[in-house]
Amino acid sequence: MLKAHAKYHLGQVVRHRKHPFRGVVFDVDAMFSNTEDWYAAIPEESRPSKDQPFYHLLAENDHSYYVAYVSEQNLMADDTGEPVDHPDLSDLFGEFEDGQYPLQFQLN
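Residues in the sequence shown are numbered consecutively from 1, following the UniProt record's numbering.
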């Protein structure tokens, strides 16, 4: 049985190591759980291992807001202390405090 420990938690602000975006973690998969087409679209030299946590992010860059799916190896904690402006944040989280967003919904 695979045992994975997620480095980042729900409500934490993170940023991508290589691409200019940041976001808030709203879900975590213990290992890759997206489609094979999605995975194959990543250039082979940049393709992450599937056997690590993958994070669903409410993400933003300088031009747009979107949902991103990112491997743990490609993320780092965002220590700027700045909030994220994604318009869907209030559906899942409370107000930004102490560098993170508190959950505002019941987990199953």
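Positions of the beta carbon are idealized from the N, C-alpha and C atoms, including for glycine.
Model, not experiment: these values are computed from the prediction.
Handout entry: 4-residue-minimum alpha helix (DSSP H) runs that sit fully inside the stretch 18-67, ordered along the chain
Key = For the stretch 18-67, whole alpha helix (DSSP H) runs of length 4 or above, ordered along the chain, are 36-40.
Handout entry: Beta-carbon proximity list for ARG17, same chain, < 6 Å, skipping 5 on both sides
Key = Only ASN74 and MET76 meet the Cβ criterion.
Practice task
Kindly indicate which three-state DSSP category GLU72 falls into: helix, strand or coil?
Solution key: In the three-state reduction of the DSSP assignment, GLU72 falls in the helix class, which pools H, G and I.
Handout entry: Beta-bridge partners of GLU97, as assigned by DSSP
Key = Per DSSP, GLN100.
Exercise for the section: State yes or no: is the C-beta of TYR69 within less than 7 Å of the C-beta of HIS56? Expected result: Contact: yes.
Exercise for the section: With distances taken Cα to Cα, identify the nearest neighbour of ASN61 among SER90, GLY23, GLY81 and GLU72. Expected result: ASN61 has its Cα closest to that of GLY23, out of SER90, GLY23, GLY81 and GLU72.
Handout entry: Reference residue 112, options PHE32, VAL25, ARG15 and HIS5, closest by Cα
Key = Any question about residue 112 goes unanswered here, given that the chain covers just 1 to 108.
Practice task
Please check the pair VAL28 and PRO53, which I expect to be a contact at CB under 8 Å, by giving their CB distance rounded to whole angstroms.
Solution key: Contact holds; Cβ gap of about 6 Å.
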